[in-house]
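*Asks:*
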Amino acid sequence: MAKQRKKRSTVSFKDIQIAYLMDGISSIAKLHKDGQASNITIRRAFSNLKEGGREVASLEKWIRENLGAGTRGRTAPSAGQERIYRAQQIKTSGPFLRLPLGALQIDKGEVVSVVFQKDQIIVRKV
């Protein structure tokens, strides 16, 4: 008698898309928690939904909060964590910093208050 093959235990990015469109973010969170949906699969589903013009703000927020920065770069800092950044400069511009604002839970288009002091710069969510 031949062995029966175990059925696929992970889901495809299309399965993730369907789950998100039908049940929202809770179904994706459950699939991820159960180990059935990988980070890469969820990100691929997100990018395809976004390219298709679907509303994906809640999925984007969930990915940012639960999956982090992805395979490139380092993870976003959490509140209270201290990091060291190098100043950058592009061509003839002045030196500047690129700071991740995820720890302040700031989304694209939101306004922040920036206070420049002699030895520090303070960024606050408005």
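Residue numbers (numbering that gives the first Met the number 0): 0 to 125.
Glycine residues also receive a C-beta, built at the ideal position from the N, C-alpha and C atoms.
Starting from the Cα of Arg133, find the closest Cα among Glu64, Tyr19, Lys29 and Phe95 and give me that residue.
*Replies:* Since the first residue of the chain shown is 0 and the last is 125, residue 133 is not available in this structure.
*Asks:* Provide the residue(s) that pair with Arg43 in DSSP beta bridges, ordered along the chain.
*Replies:* Position 44 of the sequence shown, counted from the first residue, corresponds to residue 43. Beta-bridge pairing links Arg43 to no other residue.
*Asks:* Does the count of Cβ pairs from the region 54–63 and the region 24–43 closer than 8 Å reach three?
*Replies:* Output reads yes: the region 24–43 touches the region 54–63.
*Asks:* So what does DSSP say about Ser92, is it helix, strand or coil?
*Replies:* For the purposes of this step, residue 92 is taken as the residue at position 93 of the sequence shown. Here Ser92 sits in coil by DSSP.
*Asks:* Measuring only the C-alpha atoms, how far is Ile83 from Asp118?
*Replies:* Against the sequence shown, residue 83 aligns to sequence position 84. Against the sequence shown, residue 118 aligns to sequence position 119. Their backbone Cα atoms lie some 14 Å apart in a straight line.
*Asks:* In the DSSP assignment, what residue or residues form a beta bridge with Gln87?
*Replies:* Within the sequence shown, numbered from 1, the residue matching residue 87 stands at position 88. Answer is Phe95.
*Asks:* Between which residues of its own chain and Ile62 is the CB-CB distance below 8 Å, once the five residues before and five after are set aside?
*Replies:* Here residue 62 refers to the residue found at position 63 when the sequence shown is read from its first residue. Ile41, Arg42 and Phe45, listed in sequence order.
*Asks:* I'd like the span of the beta strand (DSSP E) that includes Ser26, first residue to last.
*Replies:* Within the sequence shown, residue 26 is the residue found at index 27, counting from 1. Run containing Ser26: none in the beta strand (DSSP E); it sits in the alpha helix (DSSP H), Ile24 to Lys32.
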